[in-house]
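In UniProt numbering, the protein residues as written are 1 to 363.
C-beta atoms are modelled at their ideal positions from N, C-alpha and C, and glycine is treated no differently.
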């Protein structure tokens, strides 16, 4: 009887062990399957590239933004199709008038164009350089008019700020961002600027502002831009002043009107003048004085028994030069008025040394 009980107990224990072993095997298989599934998910996830995609609506001009997700091995035409569909441009413009461009959102710069005739056989992974840092890569879905031709943008170009000067008024236009190719010559740059601003490129004069507030006239039309401009970054763009005037172009730069306007822009000082009431002058009128110094009247108004004038002049002139140039405006000889400097404590200090150079700040 006891032997039968032992035998039955051993049999039951064996059954329990077999069940436990079977359960462990099933758990292990389930765990392996889950690991394989998770691994497969991670592998698929690693092969999906997500880009910030921007587009300027072809009719409203509104800047649209979305997230474009594509497999890293998809070819450019497929990626373009998905971007086109994502931005819902089909009702407005055919896909044949669209292309993808590498985009610098912070500075609103189109950096490199991906035209189908050049990149159609490349995958998006190849286009972004096969790097895990692709998320820094932003795309712009660029559109064109029916008869327009896309400009080509090449990575590694030079970022410039272009400011056009109207020599007839002295007005210096706002600086606009322009991307140029480092392999261009100065002559090609002039032609490009002429097309952008509708200027006669044959008499365009270009002046570059340097880091030390000095300026350089670019006269060697055959020189390439990479030898003139330093390598630019997103936040580092050199300023180029532009004028187009046949008569002024014939003069040596330092004898030209442009030289005086640029000089005033680079080395300005704002003077606040208080004198007796008199006839008002038009604001922003620019005068080339007898000494060749340009003086730009910013504002002039009568307030009670005083006339307040704000004038922009070159801060590198001496007190003697300044007083001489102000004579026609004030209507008194240079010995008949005093110039004071207003310092941070709002106290006035008479400027007495005639050879003293003006400094930046208001006087």
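With H, G and I counted as helix, E and B as strand and the rest as coil, what does DSSP make of residue 123?
Reduced to three states, the DSSP call for residue 123 is strand.
Can you give the Cα-Cα distance for residue 333 and residue 324, rounded to whole angstroms?
One C-alpha to the other measures close to 8 Å.
Buried or exposed, going by whether 16 or more other CB atoms sit within 10 Å of the CB of residue 59?
Classification for residue 59: exposed.
Quick check: the Cα distance between residue 139 and residue 49, rounded to an integer number of angstroms?
About 12 Å.
Which residues in the same chain have their Cβ closer than 8 Å to the Cβ of residue 276, if we skip the five residues on either side of it in sequence?
Cβ neighbours of residue 276 beyond the five flanking positions: 305, 306, 307.
How many angstroms separate the CA atom of residue 315 from the CA atom of residue 357?
Taking the straight line joining both Cα atoms gives about 7 Å.
Measure the alpha-carbon distance for residue 114 versus residue 174 and round it to whole angstroms.
Going from the Cα of residue 114 to the Cα of residue 174 covers about 30 Å.
According to DSSP, which residues form a beta bridge with residue 225?
None; residue 225 has no bridge partner.
How big is the Cα-Cα spacing for residue 226 and residue 182?
Rounded to the nearest angstrom, the two C-alpha atoms are 5 Å apart.
Compare the Cα-Cα distances from residue 354 to each of 104, 298, 337, 88 and report the closest residue.
Considering only alpha carbons, the answer is 337.
Report the rounded CA-to-CA distance for residue 167 versus residue 257, giving the unit in angstroms.
Taking the straight line joining both Cα atoms gives about 7 Å.
When you compare each of 129, 189, 142, 197 to residue 157 by their alpha carbons, which one comes out closest?
Among 129, 189, 142, 197, the Cα nearest to that of residue 157 belongs to 189.
Going by DSSP, what residues sit across from residue 71 in a beta bridge?
48, per the DSSP bridge assignment.
Alpha carbons only, please: which of 200, 223, 300, 209 is nearest the one belonging to residue 184?
Comparing Cα positions, the closest option is 223.
To the nearest angstrom, how far is the alpha carbon of residue 127 from that of residue 72?
For residue 127 and residue 72, the distance between alpha carbons rounds to 10 Å.
Return the Cβ separation of residue 215 and residue 160 in integer angstroms, given the expectation that the two are a contact with Cβ distance under 8 Å.
That pair is no contact at about 14 Å.
In three-state terms, what does DSSP make of residue 179?
In this structure, residue 179 counts as strand in the three-state DSSP scheme.
Which residues share a DSSP beta bridge with residue 311?
In the DSSP output, where bridge partners are listed per residue, residue 311 has 271, 297.
Assuming the contact rule is C-beta atoms closer than 8 Å, residue 108 and residue 177 should be a hit. Round their C-beta distance to whole Å, please.
Between residue 177 and residue 108 the Cβ distance is about 7 Å, and since that is below 8 Å, they are a contact.
Would you report the Cα separation of residue 237 and residue 252, rounded to the nearest angstrom?
When rounded, the distance between both Cα atoms is 27 Å.
Short of 6 Å in beta carbon distance, which residues of its chain neighbour residue 349, apart from the five on each side in sequence? Order them along the chain.
341, listed in sequence order.
Give the single residue among 98, 313, 82 whose Cα lies nearest to the Cα of residue 151.
It is 98 whose Cα lies nearest to the Cα of residue 151.
Of all the beta strand (DSSP E) runs that stay within the bounds of the region 86–122, which reach a length of 3 or more residues?
Segments of the beta strand (DSSP E) lying fully in the region 86–122: 98–104, 109–114.
For the alpha helix (DSSP H) that contains residue 257, what are its first and last residues?
Note, residue 257: alpha helix (DSSP H), 257–266.
If distances are taken between C-alpha atoms only, which option among 309, 326, 273 comes closest to residue 317?
That would be 326, whose Cα lies nearest to the Cα of residue 317.
Go to residue 164, then tell me how far its beta strand (DSSP E) extends in each direction, as first and last residue.
Here the beta strand (DSSP E) through residue 164 covers 158–166.
Mapping DSSP to helix, strand and coil, what is residue 248?
Correct three-state label for residue 248: helix.
In this structure, how does DSSP classify residue 322 when only helix, strand and coil are distinguished?
The answer is helix: DSSP assigns residue 322 an H, G or I state.
Let me know the secondary structure DSSP gives residue 196 once reduced to three states.
The answer is helix: DSSP assigns residue 196 an H, G or I state.
Should residue 61 go down as buried or exposed, given a rule of 16 or more other Cβ atoms within 10 Å for buried?
Exposed: under 16 other Cβ atoms inside 10 Å.
For residue 209, which beta-bridge partners are listed by DSSP?
215.
Grab the span of the beta strand (DSSP E) containing residue 354 for me, first residue to last.
Where residue 354 is concerned, there is no enclosing beta strand (DSSP E), given that its DSSP letter is neither H nor E.
Where does the unbroken beta strand (DSSP E) through residue 141 begin, and where does it stop?
Start and end: 138–143.
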